[in-house]
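In what follows, a structure is listed as structure tokens, so that the remarks can point back to it.
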């Protein structure tokens, strides 16, 4: 089992390296202004994102991303519990969820630009609201899928409502909650880029769009490369957190498959 995990990690980490190597080889002697050599792109990557625009744009984008995602995660879990456990709230919130979930997350950005204006508040609000629904829906589904036998055991032990929520429902729903959080993180990343492109002069998305509009192709490719690197690293960090928090669940699944 450990060998399989190591093999999967090597494949996952090696694929981007192979793609970069192929990119380097194919673009080495390129004279196409829209497909510059990877060496030129990496030079601009270093100059732009590691020095000139690191604090003003990279840290700004990451701050908006993680703040919006944190708000969505907390609000999504709380609203999910309320929706699943309080019937009047379920009747009120369920139709709203089904209406809003059909709207593409990026389409929310122009609405918030009109309502809030440009600035950090608009970007964080767009990220938070767009990323809210996957976590909320996953939380509701996770709670509703908890077995009746488990709830009967909680009643036999006379657990209070708070104890049932914290010690029974939350752990049982946690695998589905984390699946929703992973989708929310991906949505938050997409909306972060869109909100910067549509409603900001700062951030990685805004700088990448400005480079494209100014025909600074190497800078544009450097921005796209940075977004890919950030998305890759954020996904790895989230996967590590998920394995840490859900180690008991992952272990039980492995034992069940081995049996």
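Numbering (the working numbering), first residue to last: -13 to 245. Backbone N, C-alpha and C fix where the C-beta goes; we use that ideal spot for every residue, glycine too.
Other residues of its chain near residue i: CB distance less than 8 Å, five sequence neighbours each side excluded
i	result
residue 132	154, 155, 158 and 159
residue 80	69
residue 161	128, 232 and 235
residue 111	54, 98 and 102
residue 123	66, 83, 87 and 166
Residue i (DSSP reduced to helix, strand or coil)
i	result
residue 188	coil
residue 14	coil
residue 42	helix
residue 146	coil
residue 202	coil
residue 232	coil
residue 60	helix
residue 161	helix
residue 169	helix
residue 21	coil
residue 154	helix
residue 177	helix
residue 215	helix
residue 72	coil
Nonlocal neighbours in the same chain, by C-beta distance under 6 Å from residue i, ignoring five residues either side
i	result
residue 204	22, 26, 27 and 30
residue 140	150 and 154
residue 114	54, 57 and 58
residue 116	91, 94, 173 and 177
residue 67	none
residue 48	none
residue 24	9, 10 and 13
residue 119	87
residue 169	120
residue 228	164
Sequence-distant residues of its chain with Cβ nearer than 7 Å to residue i (five each side left out)
i	result
residue 217	175
residue 43	188, 189, 190 and 193
residue 19	203
residue 130	70
residue 212	31, 35 and 190
residue 46	188 and 189
residue 184	95, 96 and 99
residue 2	218
Exposed unless 16 or more other CB atoms sit within 10 angstroms - verdict on residue i
i	result
residue 109	buried
residue 149	exposed
residue 234	exposed
residue 179	buried
residue 105	exposed
residue 134	exposed
residue 90	exposed
residue 5	exposed
residue 73	exposed
residue 209	buried
residue 50	buried
Residue i Cβ short of 7 Å to the ligand PLP heavy atom set
i	result
residue 90	This structure lacks the ligand PLP, and indeed carries no ligand of any kind.
Exercise. Could you tell me which uninterrupted alpha helix (DSSP H) segments, each at least 4 residues in length, are contained entirely in the stretch 74 to 143, listed from first to last along the chain?
Key: 94 to 102, 106 to 130 and 134 to 142
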